[in-house]
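Visitor: Residue numbers for the sequence shown follow this note's numbering, so the first one is 12 and each next one is one higher.
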Amino acid sequence: MVNVLIVLGLSLVLLRKRDVVTLLFVLFVCGTFHFSFAVIALTTNDASSLLIDLHNEGGGLLARLSTLILLVIVFSLLGRHAYETYVSGRAGEKKDIVFALLVMGGLLLGYLLNYRTGDLLQLKNIVSIETMFVLVMLGYLATATGVPSLQPGKVYAWGLVGLLILGFIDGIALYEVLTRHAWASFLESSGAIVYRAASVLFNPNLYAFWASLVYLGCAYGMQAYKQYQWMFLLGMVLVATAIYLSGSRSAGYLLMALLFLPPVLIRERLQWLPLLVLLLTMLSIYSGVACLDYASWQEIALLGERFIAAPIHLVNYIFQYIGIPAEVVVLKEIAVSIEGRFVGEYSDAGWLVLHQDVGWTGLGAVILGGSLLVVRGIGAYLAHPSPASVYALVLLLYCLITGFVTRLQIFPVWLFIGLVLIICMGYWRQLLTAPDKVVR
12 MVNVLIVLGL
22 SLVLLRKRDV
32 VTLLFVLFVC
42 GTFHFSFAVI
52 ALTTNDASSL
62 LIDLHNEGGG
72 LLARLSTLIL
82 LVIVFSLLGR
92 HAYETYVSGR
102 AGEKKDIVFA
112 LLVMGGLLLG
122 YLLNYRTGDL
132 LQLKNIVSIE
142 TMFVLVMLGY
152 LATATGVPSL
162 QPGKVYAWGL
172 VGLLILGFID
182 GIALYEVLTR
192 HAWASFLESS
202 GAIVYRAASV
212 LFNPNLYAFW
222 ASLVYLGCAY
232 GMQAYKQYQW
242 MFLLGMVLVA
252 TAIYLSGSRS
262 AGYLLMALLF
272 LPPVLIRERL
282 QWLPLLVLLL
292 TMLSIYSGVA
302 CLDYASWQEI
312 ALLGERFIAA
322 PIHLVNYIFQ
332 YIGIPAEVVV
342 LKEIAVSIEG
352 RFVGEYSDAG
362 WLVLHQDVGW
372 TGLGAVILGG
382 SLLVVRGIGA
392 YLAHPSPASV
402 YALVLLLYCL
412 ITGFVTRLQI
422 FPVWLFIGLV
432 LIICMGYWRQ
442 LLTAPDKVVR
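1) Along the chain, where does the alpha helix (DSSP H) containing alanine 209 start, and where does it finish?
2) In terms of DSSP beta bridges, what is phenylalanine 197 paired with?
3) Between threonine 413 and leucine 198, which are expected to be in contact by the criterion C-beta below 8 Å, what is the C-beta distance as a whole number of angstroms?
4) Given that a residue counts as buried once 16 or more other Cβ atoms are within 10 Å of its Cβ, and exposed if not, what is phenylalanine 213?
5) So, does the segment 433 to 441 touch the segment 398 to 415, judging by three or more C-beta pairs under 8 Å?
6) What do you get for aspartate 30, buried or exposed, if any count of 16 or more other CB atoms within 10 angstroms of its CB means buried?
7) Taking the alpha carbon of alanine 193 as the reference point, which residue from Pro215, Met293, Val326 has its own alpha carbon closest?
8) In terms of residues, what are the limits of the alpha helix (DSSP H) holding glutamine 234?
9) May I ask you to report which of helix, strand or coil DSSP gives tyrosine 126?
10) Using 8 Å as the threshold, is the C-beta distance between alanine 52 and asparagine 14 below it?
11) Grouping DSSP H, G and I as helix and E and B as strand, with all else coil, what is arginine 91?
12) Can the beta-carbon of serine 34 be found less than 8 Å from the beta-carbon of leucine 81?
13) State the Cα-Cα distance for the pair glycine 429 and leucine 419, rounded to the nearest angstrom.
14) What's the C-alpha gap between alanine 153 and serine 99?
15) Three or more beta-carbon pairs under 8 Å between the segment 127 to 142 and the segment 176 to 189, yes or no?
16) Using only alpha-carbon positions, find the residue among Val166, Leu224, Cys302 that is nearest to methionine 242.
17) Suppose you measure from the CA of phenylalanine 86 to the CA of leucine 342; what does that come to, to the nearest Å?
18) Give the single residue among Phe271, Leu276, Ala301, Val275 whose Cα lies nearest to the Cα of leucine 290.
19) For tryptophan 362, report the span of its alpha helix (DSSP H) as first-last.
20) Do you know how far the Cα of tyrosine 186 is from the Cα of isoleucine 108?
21) Nearest to isoleucine 204 by CA position, among Gly370, Gly373, Leu314, is which residue?
22) Quick check on DSSP: helix, strand or coil for isoleucine 277?
23) Using 10 angstroms around the beta-carbon of glutamate 279, count the other beta-carbons present and answer buried if the total reaches 16, otherwise exposed.
24) Buried or exposed: leucine 113, going by 16 or more other Cβ atoms within 10 Å of its Cβ?
25) So, helix, strand or coil for phenylalanine 415, using DSSP?
26) Give a yes or no on whether the C-beta atoms belonging to leucine 227 and leucine 406 are separated by under 8 Å.
27) Ends of the alpha helix (DSSP H) at proline 461?
28) When you compare the CB positions of glutamine 240 and methionine 247, do they come within less than 8 Å of one another, or not?
29) If you draw a straight line from the alpha carbon of proline 423 to that of glycine 42, how long is it in whole angstroms?
30) What do you get for arginine 317, buried or exposed, if any count of 16 or more other CB atoms within 10 angstroms of its CB means buried?
31) In whole angstroms, give me the CA-to-CA distance for lysine 237 and alanine 268.
32) Using a Cβ-Cβ cutoff of less than 6 Å, which residues in the same chain neighbour alanine 222 once the five nearest sequence positions on both sides are dropped?
33) Rounded to whole angstroms, what's the CA-CA distance from leucine 21 to valine 37? Just pull it up for me.
34) Using CA coordinates, which residue listed in Arg27, His45, Val32 is at the minimum distance from leucine 16?
35) For proline 322, count neighbouring Cβ atoms within 10 angstroms of its own Cβ and tell me buried if that reaches 16, exposed if not.
36) Taking buried to mean at least 16 other C-beta atoms within 10 Å of its own C-beta, is valine 450 buried or exposed?
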C-alpha cells in the first residue's frame with residue numbers, strides 16, 4: 012500500500028508539470044522510495060525475519076504493478092518530448108542514437124548467442140539493461156534544448172526539503188542499527204554481530220550506492236551555488252553518515268578514491284573539502300561513539316572498525332591468494348565478502364553477471380559504449396575545465412566502476428545509472444556544441 016500512495020503522489024506531480032526535469036525528478040524519487048514499504052517491518056518485534064521474507068518474496072504484486080505503471084507513464088511522456096525534439100531537428104548528433112541502437116543490438120545478439128533455456132533471471136537482467144539504454148536515449152533526445160539549472164531561490168527551497176529527507180532517511184538507518192532490527196546482520200569471527208543499515212533502500216549496498224551519487228551531487232552543488240555552501244556541506248555530512256551506517260566499504264572507498272580527481276583536475280578553492288568532509292564525518296562518528304563506551308552504541312562503533320580494517324584485510328586476502336606470504340590468515344567473513352561478489356549465480360559484480368548473460372559479444376558492445384562516454388567526458392573537461400565537467404566525469408566513472416562490486420541489472424540501480432548518464436550526456440552535448448549557453 013505504501014508504494015501505491017507514493018505512486019499516487021508522484022502522479023499528482025505529473026498532473027501539474029510534465030517537463031523533462033520533472034520527469035527525471037519523478038524517476039529519481041520513485042527509485043529512492045520504491046522499497047520504502049520495508050520500513051514498516053522495522054517497527055515490529057520480529058523485524059529481521061519479516062525483512063528477510065520480503066527479500067525472498069519481494070514487495071508483492073501491488074507494489075511492483077504500481078511502480079511499473081508509473082515507469083510506463085514517465086517513459087511515455089519522455090518519449091513524447093524526445094519525438095518533438097527529434098522531428099523539430101533539435102535532437103543534436105543523430106549518430107549518438109544510432110550508436111546506442113548498435114550497442115543495444117550487440118547486447119541482444121549476445122543474449123541470443125548465450126541463451127539459457129528456462130533462465131528467467133538472465134532474461135530479467137537483459138530487459139533491465141536494455142530498458143536503461145531506452146531511458147538514456149529518450150532522456151538524451153528530450154534534453155536536446157539544454158540541461159537547465161535551478162534558480163538560486165529554487166535551490167534554497169529544494170535544498171531545505173532535501174536536507175529534511177536526508178535527515179529522515181538517516182534517522183531510519185540509525186534506528187535499524189541501534190535496535191538491531193537490520194536484516195543485513197552477520198556474525199564475525201570475533202563473536203560480534205554486525206548490523207548494516209539499509210533505510211528506505213532495502214539493501215545496504217544499494218543504500219550506499221544511492222548515497223554516493225547524492226554526495227557527488229552535493230559536492231558539485233557546493234561549487235556551483237556558492238551562496239548556499241553551508242546547505243550542501245550539511246548535506247554531505249548527512250550523506251556521509253548514511254554511507255557509514257550502511258557499512259558498505261566498497262562504496263565508501265570507491266567514493267574516496269574518486270574524490271581525489273576534482274582537486275587534481277581543478278585547482279580552485281575548497282576542491283579538497285568533499286574528500287575531507289567524508290573522511291572527517293566517518294572518523295568523527297566512530298571516535299565519538301567509541302569514546303562514549305555505551306553498550307547500546309557498540310554496533311555503530313563496529314561499523315567504523317570494519318571501514319578502518321578493510322584495506323588491511325584486502326591486502327591480506329591478495330597476499331594469501333597469490334601465496335605471499337604463506338602465514339597470512341584471512342578471516343572467513345572477509346573471504347565470503349570478497350568472493351561473494353564474483354562467485355555464484357547471485358554474485359554482486361554487475362560486469363561479471365553481464366558477461367555470463369551475453370558473453371563477450373554483448374559485454375564488448377557495452378564496454379565500447381562506456382569507453383566512448385569516458386572519452387567524451389574527458390574531451391568536455393579539456394574543452395571547458397570547470398567543476399561541472401569534472402563532476403560529470405566523476406559521476407560517470409563511479410557508475411562504471413561500481414559495476415565491479417554492484418549488480419547493475421537490479422532495480423533501481425540501472426534507473427539511477429540511466430539518470431546519471433542522461434544528465435552527463437546532455438551537459439556534454441551542450442558544452443561541446445554551444446558552450447556559450449552553459450550556465451554552470
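For each residue, glycine too, the CB sits at the ideal point set by N, CA and C.
Guide: If we stick to the structure as given:
1) In the sequence shown, residue 209 corresponds to position 198, counting from 1. Segment: none, alanine 209 is in no alpha helix (DSSP H) and carries neither H nor E.
2) For the purposes of this step, residue 197 is identified with residue 186 of the sequence shown, where counting begins at 1. Beta-bridge annotation (DSSP): phenylalanine 197 is paired with Val205.
3) Reading the sequence shown from its first residue, position 402 is the one you call residue 413. Reading the sequence shown from its first residue, position 187 is the one you call residue 198. Contact flag wrong, Cβ pair sits at about 27 Å.
4) Along the sequence shown, read from residue 1 onward, the residue named residue 213 stands at position 202. The residue in question, phenylalanine 213, is buried, as its Cβ has 16 or more Cβ neighbours within 10 Å.
5) Verdict: yes, contact present.
6) Along the sequence shown, one-based indexing puts residue 30 at 19. For aspartate 30, the number of other beta carbons within 10 angstroms of its own is below 16, and it is reported as exposed.
7) Position 182 of the sequence shown holds residue 193. Ranking Pro215, Met293, Val326 by Cα distance to alanine 193 puts Pro215 first.
8) Stepping through the sequence shown from its first residue, residue 234 is reached at position 223. Residues 215 to 235.
9) Counted from its first residue, the sequence shown places residue 126 at position 115. Here tyrosine 126 sits in coil by DSSP.
10) As a working note, residue 52 is residue 41 in the sequence shown. As a working note, residue 14 is residue 3 in the sequence shown. For the pair alanine 52 and asparagine 14, the CB atoms are not nearer than the 8 Å cut-off.
11) Stepping through the sequence shown from its first residue, residue 91 is reached at position 80. Residue state, collapsed to three classes: helix.
12) On the sequence shown, position 23 is the one that residue 34 refers to. On the sequence shown, position 70 is the one that residue 81 refers to. The question names serine, but residue 34 in the sequence shown is leucine. Against a cut-off of 8 Å, the Cβ pair of leucine 81 and leucine 34 comes out as no contact.
13) Taking the first residue of the sequence shown as 1, we reach residue 429 at position 418. Taking the first residue of the sequence shown as 1, we reach residue 419 at position 408. Distance between the alpha carbons of glycine 429 and leucine 419: 11 Å.
14) Taking the sequence shown and counting its residues from 1, one reaches residue 153 at position 142. Taking the sequence shown and counting its residues from 1, one reaches residue 99 at position 88. Going by the C-alpha atoms only, they are around 12 Å apart.
15) Contact fails: fewer than three Cβ-Cβ distances are below 8 Å.
16) The residue you call residue 242 lines up with position 231 of the sequence shown. It is Val166.
17) For the purposes of this step, residue 86 is taken as the residue at position 75 of the sequence shown. For the purposes of this step, residue 342 is taken as the residue at position 331 of the sequence shown. Those two C-alpha atoms are separated by around 47 Å.
18) By one-based count along the sequence shown, residue 290 stands at place 279. Of the listed residues, the one whose Cα sits closest to leucine 290 is Phe271.
19) Residue numbering aside, residue 362 sits at position 351 when the sequence shown is read from its first letter. It spans 361 to 394 - the alpha helix (DSSP H) in which tryptophan 362 sits, taken as one unbroken run.
20) Residue 108 sits at position 97 when you count from the first residue of the sequence shown. Residue 186 sits at position 175 when you count from the first residue of the sequence shown. Cα to Cα, the separation comes out at about 46 Å.
21) In the sequence shown, counting from the first residue as 1, residue 204 sits at position 193. Nearest option by C-alpha distance: Leu314.
22) As a position in the sequence shown, residue 277 is number 266, starting the count at 1. Residue state, collapsed to three classes: coil.
23) Position 268 of the sequence shown holds residue 279. The residue in question, glutamate 279, is exposed, as its Cβ has fewer than 16 Cβ neighbours within 10 Å.
24) Translated into positions along the sequence shown, residue 113 becomes position 102. Leucine 113 comes out exposed.
25) On the sequence shown, residue 415 is found 404 positions in, with the first residue counted as 1. In this structure, phenylalanine 415 counts as helix in the three-state DSSP scheme.
26) The count along the sequence shown starts at 1 and reaches residue 227 at position 216. The count along the sequence shown starts at 1 and reaches residue 406 at position 395. Yes, they are a contact pair.
27) With the chain running from 12 to 451 in the structure shown, residue 461 is simply not present.
28) On the sequence shown, position 229 is the one that residue 240 refers to. On the sequence shown, position 236 is the one that residue 247 refers to. No, the Cβ-Cβ distance between glutamine 240 and methionine 247 is not below 8 Å.
29) Here residue 423 corresponds to residue number 412 of the sequence shown, with the count starting at 1. Here residue 42 corresponds to residue number 31 of the sequence shown, with the count starting at 1. Here the C-alpha atom of proline 423 lies approximately 5 Å from the C-alpha atom of glycine 42.
30) By 1-based counting over the sequence shown, the position of residue 317 is 306. Classification of arginine 317: buried, given that the 10 Å Cβ count is 16 or more.
31) The residue given as residue 237 occupies position 226 in the sequence shown. The residue given as residue 268 occupies position 257 in the sequence shown. Between the C-alpha atoms of lysine 237 and alanine 268 there is a straight-line separation of about 24 Å.
32) As a working mapping, residue 222 is identified with position 211 in the sequence shown. Closer than 6 Å at Cβ, skipping near neighbours: Val250, Ala253, Ile254.
33) Walking along the sequence shown from the start, residue 21 turns up at place 10. Walking along the sequence shown from the start, residue 37 turns up at place 26. Roughly 6 Å separates the two Cα atoms.
34) Looking up residue 16 in the sequence shown gives position 5. Ranking the options by Cα distance to leucine 16, first place goes to His45.
35) Position 311 of the sequence shown, counting from 1, holds the residue named residue 322. Under this definition proline 322 is an exposed residue.
36) Stepping through the sequence shown from its first residue, residue 450 is reached at position 439. In this prediction, valine 450 has a pLDDT of 48, which is less than 50 and means its spatial position is unreliable; nothing more can be read from the coordinates.
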